[in-house]
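Quick mapping for you: the protein sequence lines, in order, are chains A and B.
The numbers in this note's numbering rise by one with no breaks, and the one at position 152 of the first sequence is 152.
The numbers in this note's numbering rise by one with no breaks, and the one at position 83 of the second sequence is 279.
Here's the structure we're looking at; comments come further down.
2 protein chains.
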Amino acid sequence: MRTRNIEKEQLVKQTAIEMVVNDGFEGFSVNKLAKACGISVATLYIYYKDKDDLITTIALEEGKRMTTISLRGFDPTQSFTDGLRIQWKNRAEFMLENPLSMCFFEQLRTSTYQTKVMEQILGDFKEAMHAFVNNAVERGELDSMPLEVFWAIAYAPLYSLLRFHNDGRSPGGKPFTMNDDIMWQTFDRVIKALKK
Amino acid sequence: MRTRNIEKEQLVKQTAIEMVVNDGFEGFSVNKLAKACGISVATLYIYYKDKDDLITTIALEEGKRMTTISLRGFDPTQSFTDGLRIQWKNRAEFMLENPLSMCFFEQLRTSTYQTKVMEQILGDFKEAMHAFVNNAVERGELDSMPLEVFWAIAYAPLYSLLRFHNDGRSPGGKPFTMNDDIMWQTFDRVIKALKK
DNA sequence: CCCATAAGTAAGCGATTATTCACTTATTTT
DNA sequence: AAAATAAGTGAATAATCGCTTACTTATGGG
């Protein structure tokens with residue numbers, strides 16, 4: 001039998017992400033995707049069951065890549081400051097090296113695919129984070145607080161900075177590029193807000 | 197001459213927002229909107245120049261409503277803690293009372309309408325915020341810091357909580373309803389992170 | 001009252017949507 | 001070399017897209 005062209009498959013995935021990032025899901029179509037890849041639209045239906053399957057499969061693959069990197073070197077039993085610092089480092093690293101992926105996830109999060117995809121992607125993640133916070137509270141490093149409050153203070157500021165960086169402008173409308181100094185300065189303040 | 201049906205116009209606006217919130221811009225179409233409102237699609241083209249004009253006009257109206265409420269009782273010269281507290285109160289109040297509007301803005305922010313609409317909406321806002329931060333720094337209440345850092349710490353946690361509330365679930369996947377206690381507990385930590 | 005005029009509509013335009021089908025091409029196995 | 005089979009395609013489907021046109025309806029000023 002004829003062998004499948006792996007490069008074409010990768011091209012489809014990359015191009016699909018670019019299309020969604022540039023024009024949103026409203027501007028995405030399988031016909032346009034096929035044309036942009038220089039293949040027949042019918043070929044897409046060999047790779048994927050339908051449009052929905054195409055999006056969710058690509059999202060899940062990309063999500064797995066992200067969670068793997070984000071949990072690298074992370075251990076729920078390590079000290080609170082160390083654990084959170086690694087989380088910030090990993091997440092920032094992934095987002096800065098894969099700005100397209102970051103934009104793609106933002107599109108997913110605010111789309112109808114949200115419940116279908118994001119919960120699966122963030123599954124392992126949430127579990128590890130829950131254990132991590134509980135350990136820190138038990139050791140007395142952290143006040144007990146609702147998980148939503150922890151999440152809002154510990155991670156929302158990081159993602160806010162990353163979004164400014166990705167949009168290329170600050171809240172004042174001026175150009176903005178994230179750097180280590182700004183990031184760790186923010187991290188220190190977040191620690192101050194969380195620790196006893 | 198025949199008089200315009202104001203109720204129909206309001207119905208169009210409300211229904212358009214609901215459609216975008218429920219199905220995203222990908223699921224929004226002028227034909228569906230007209231059908232949902234029980235009017236002819238041609239009538240929409242009396243109210244609005246085209247689809248783009250429909251979205252941007254509605255977005256700008258809704259945005260004006262939000263910024264007006266958010267700046268109510270706010271004065272860039274007042275003390276840092278008081279000013280930020282009023283901001284949190286106003287923004288939370290609007291978002292909790294207008295969950296549909298909040299979702300609509302989230303769709304706008306992550307859509308191709310972003311640059312066209314969000315900058316106009318947030319214009320006055322950013323100006324007031326800039327003056328407010330500068331004053332607080334001059335009075336010595338606040339460390340000087342990049343505006344992005346301020347924004348990330350001062351507001352990102354609030355919006356994070358509001359999103360959890362709106363989605364109806366916490367980061368752990370459990371049901372979540374925002375209340376005053378959780379909100380002001382978070383506020384206190386944010387103040388701790390920002391003040392000298 | 002009546003008519004000028006804006007409000008409102010039914011029907012349909014060409015373009016694009018997701019998906020399918022009958023078909024050809026390339027490669028592995030025998 | 002030939003048979004078997006998956007990979008890949010061009011052209012078409014019905015449905016829906018944004019938008020227009022030719023037309024009818026309702027109402028305020030004369």
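Beta carbons are placed, not taken as given, at the ideal position from N, Cα and C, and that holds for glycine.
Residue environment, residue i, which counts as buried when at least 16 other CB atoms sit within 10 Å
i	result
A:Asn90	buried
A:Thr3	exposed
B:Ser356	buried
A:Ile6	exposed
A:Gly123	exposed
B:Thr273	exposed
A:Ser144	exposed
A:Glu119	exposed
B:Pro371	exposed
A:Glu138	exposed
Straight-line Cα distance separating residue j from residue i
i	j	result
A:Val200	A:Phe125	Beyond the ends of chain A as shown, which are 1 and 196, falls residue 200 of chain A; an answer cannot be given.
B:Phe360	B:Met379	12 angstroms
A:Ser40	B:Glu323	51 angstroms
A:Asn179	B:Val216	36 angstroms
A:Thr115	A:Glu93	26 angstroms
A:Leu11	A:Ile46	15 angstroms
A:Arg189	B:Ile349	8 angstroms
A:Lys49	B:Gly220	23 angstroms
A:Lys8	A:Cys37	8 angstroms
A:Thr177	B:Ala352	18 angstroms
B:Lys260	B:Thr308	20 angstroms
A:Glu18	B:Leu390	38 angstroms
B:Asn294	A:Ala42	44 angstroms
B:Arg365	B:Thr306	21 angstroms
A:Ala34	A:Gln107	21 angstroms
B:Asp377	B:Leu358	14 angstroms
B:Lys392	B:Val313	36 angstroms
B:Thr382	B:Lys388	10 angstroms
B:Ser225	B:Arg268	35 angstroms
A:Met1	B:Gly223	41 angstroms
B:Lys247	A:Leu44	31 angstroms
A:Asn31	B:Ile251	26 angstroms
A:Asn22	A:Gln14	12 angstroms
A:Leu142	B:Ile317	39 angstroms
Among the options, the one whose alpha carbon lies nearest that of residue i
i	options	result
A:Ser79	A:Leu54, A:Glu62, A:Thr115 and A:Ala131	A:Ala131
B:Ser266	B:Leu280, B:Ile254 and B:Thr273	B:Leu280
A:Ser101	A:Leu60, A:Gly27 and A:Asp52	A:Leu60
B:Gln283	B:Trp347, B:Asp248 and B:Thr252	B:Trp347
A:Thr67	A:Ala36, A:Met129 and A:Met145	A:Met129
A:Leu96	A:Leu158, A:Asp82 and A:Asn134	A:Leu158
B:Asp363	B:Val226, B:Cys299 and B:Ile317	B:Cys299
A:Pro171	B:Thr382, B:Pro342 and B:Val226	B:Pro342
B:Ala332	B:Asp377, B:Thr277, B:Lys388 and B:Phe301	B:Thr277
A:Ala16	A:Ile58, A:Val117 and A:Gly173	A:Ile58
A:Phe105	A:Gly173, A:Glu62, A:Gln14 and A:Lys13	A:Glu62
B:Asn330	B:Asp271, B:Ile317 and B:Gly369	B:Asp271
Legend entry - Residues of the segment 82–95 of chain A with Cβ closer than 7 angstroms to any Cβ of chain B, in chain order: none
Inset, instruction - Would you list, in chain order, the members of the segment 43–58 of chain A that have their beta-carbon closer than 7 angstroms to a beta-carbon of chain B? - result: none
Inset, instruction - Any chance you could list the beta strand (DSSP E) runs of at least 3 consecutive residues sitting entirely within the segment 318–381 of chain B, in chain order? - result: none
Legend entry - Residues of the segment 16–28 of chain A with Cβ closer than 8 angstroms to any Cβ of chain B, in chain order: Asp23, Gly24, Phe25, Glu26, Gly27 and Phe28
Inset, instruction - Report the residues of the segment 363–376 of chain B with a CB closer than 9 angstroms to any CB of chain A, ordered along the chain. - result: Asp363, Ser366, Pro367, Gly368, Gly369, Lys370, Phe372 and Met374
Inset, instruction - Could you name each continuous alpha helix (DSSP H) segment of 4 residues or more that falls completely within the segment 43–72 of chain A, going from the start of the chain to the end? - result: 51–70
Legend entry - Interfacial residues, the segment 293–315 of chain B to chain A, with Cβ spacing under 7 angstroms: Glu302, Gln303, Thr306, Ser307 and Thr308
Inset, instruction - Report the residues of the segment 256–273 of chain B with a CB closer than 7 angstroms to any CB of chain A, ordered along the chain. - result: none
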